Amino acid sequence: MTTIQSHHTLHEPTSTTTQEDTVRRALIIGLLVAVVSAALFGTSGAVAKSLIVTGWDPGAAVAMRISLGALVLAPFALRSMAGRWHLLRTPVALAHVGGFGLVAVAGCQLFYFLAVERLSVGVALMLEYLGPILVVGWLWLAHGQRPRRLTVAGIGLAMVGLLLVLDVMGDVQLSTVGVLWGLAAAVGLAVFFVIGSDDASGLPPIAFSCFGMAIGAAALALAGAVGLVPMAWSTSAVSLAGVEAPFWVPLLWLGVGAAALAYVTGIVAARALGAKVSSFVGLAEVMFAVLWAWLLLGELPAPVQLLGGLLILAGVVAVKIDERDDESPIEVEPVPAP
């Protein structure tokens, strides 16, 4: 009996260690996917700007981006839904896909461009990226997950870093209506992380992204049809990284890289990390946007912007450490024997 007990005792830490390694590996993969998603999303501004300066309206560029993204993902989404179409008919799936497409995709983009009409781009982006704070507030109010001091400190670091990256102190033009549209865009961003992190619908991430973008594209098309969003476009050549290219090159990238791949990796990361952490890692998109603008458009980031990027990363690390402290009792619990 003593030998058997000793044998069991020797193997229990191994099981616990294996579980910890699995959780740690999943977290690392989730963080890497989130960074890839942020990098892909970060290309959209510089690439879209190359189209806008040739006569494209922002609304038209966004609508084409989302439409192409949905088309690229369609065959993969259809394949992933084989034998599971009944999941799409559930109330939860309809609510999640509809809310994601209308609010997180179409609404967020539409509200952001309406804010840009009345505010500087820096201020509009700062308002939109208040979304992660709304996520923390939502988790507190709806699920009782009260933020601790380290999370609050992470929020502060990330917001200060974002302020430095955007360099909004140089030219701030405030409009009450513009601020309200910017806050509405922040709600759309928060909805992206909250709904994206909830897999209660059971839909595969690639199908969820595809259906959401299709709904968002339809909503933007409707907004353009009624004249709410201008939809002018051009076939003029564009300039990227000092090289002239046909208009369909940046358009193709916006659909494949900055939409299809970006949204899928974003959903995968949100489900792996949770709404709170994925939303703060998503702040890295702003830092990537600055770097892509430097590489593609020659807009060199200032030292203060690089410092802001470091503060954003510090804020993400603080939030991540705080969440791991909350989850550690669950992660190390041994799996009971059958």
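Using the working numbering, the first residue of the sequence shown is number 11, and each one after it goes up by one. A virtual CB, placed ideally from N, CA and C, is assigned to each residue, including glycine. None of the values given here were measured: they were computed from a predicted structure.
For Leu250, the enclosing beta strand (DSSP E) starts and ends at 248 to 250. Taking a contact to require three or more Cβ pairs closer than 8 angstroms, the segment 224 to 234 and the segment 33 to 52 do not qualify as touching. For Ala255, the enclosing beta strand (DSSP E) stretches over residues 253 to 255.
In this structure, the beta-carbon distance from Gly164 to Gly325 falls below 7 angstroms. In the displayed model, Trp148 falls within a helix according to three-state DSSP. Distance from the CA of Gly65 to the CA of Met297, rounded to the nearest whole angstrom, comes to 27 angstroms. Just measuring C-alpha positions, the residue of Leu262, Val259, Leu144, Met136 sitting nearest Val197 is Leu144.
By the criterion of at least three beta-carbon pairs nearer than 8 angstroms, the segment 191 to 205 is in contact with the segment 106 to 124.
For the options Ala269, Gly267, Gly292, the alpha carbon positioned closest to that of Ala279 is the one of Gly292.
Within 10 angstroms of the beta-carbon of His106 lie 16 or more other beta-carbons, which makes it buried. Secondary structure note for Val236: it is in no alpha helix (DSSP H), with a DSSP letter that is neither H nor E. Around the C-beta of Gly318, 16 or more other C-beta atoms lie within 10 Å, and the residue is accordingly described as buried.
With fewer than 16 other beta carbons inside 10 angstroms of its own, Ala235 counts as exposed. Per DSSP, Ala92 is not a residue of any alpha helix (DSSP H), being assigned neither H nor E.
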